[in-house]
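Residue numbers (my numbering): 68 to 236.
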């Protein structure tokens, strides 16, 4: 009875495949949506220049939309790292990824902490990109608001500096 229960318990880890498959699907969807957004920016830009238009907020709009697409790409990467990581941790090593000629070490995950660290770094980049996108639309009316803006950029830069130092000796 104990062997049967342990065998059943071990095989229950295969439910992780649901998270892997849907994580990959989510990643692909985000890559497609971000690419369509970039294509729409391209179409809009061509329309503006070919028709001799130049809206007042033209640069702000295209930069904001491209940054939004970059944000989606980064979230898609989080989903991809998550799917690869939990597959390698709970199901099996991906042999193709371990092959030095065809694989890349970036998706190799050997522990839950390593998976968490990789995902956290990409999520922080998503937050930085989101911050940058919000800053583009802000209007500054006083010197104090400009000071807050400068301080926020400084704190962000310091945080990114220390993030780069994590795990390095």
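Each residue gets a CB set at the ideal place from its N, CA and C atoms; glycine is no exception.
Quiz item: Apart from the five residues just before and just after residue 81, which ones in its own chain have a Cβ nearer than 8 angstroms to its Cβ?
Solution: 158
Quiz item: What's the C-alpha gap between residue 133 and residue 114?
Solution: 17 angstroms
Quiz item: Hey, how far is the Cα of residue 122 from the Cα of residue 128?
Solution: Rounded to the nearest whole angstrom, the CA to CA distance from residue 122 to residue 128 is 10 angstroms.
Quiz item: Which runs of the alpha helix (DSSP H), 4 residues or longer, sit entirely within the region 82-152?
Solution: 83-117
Quiz item: So is residue 210 buried or exposed if we call it buried at 16+ other beta carbons inside 10 Å?
Solution: Within a 10 Å sphere around the beta-carbon of residue 210 sit fewer than 16 other beta-carbons, which makes this residue exposed.
Exercise. Over the uninterrupted alpha helix (DSSP H) stretch that includes residue 233, give me the two end residues.
Key: Per DSSP, residue 233 belongs to no alpha helix (DSSP H) and is neither H nor E.
Quiz item: Got a sec? Which residues, its chain only, sit under 8 angstroms from residue 131 by beta carbon, not counting five neighbours each side?
Solution: 200, 203, 204
Quiz item: By DSSP, does residue 215 sit in helix, in strand, or in coil?
Solution: In the three-state reduction of the DSSP assignment, residue 215 falls in the helix class, which pools H, G and I.
Exercise. Report the three-state DSSP secondary structure of residue 160 (helix, strand or coil).
Key: coil
Self-check item: Separation of residue 181 from residue 227, as counted between CA atoms
Solution: 19 angstroms
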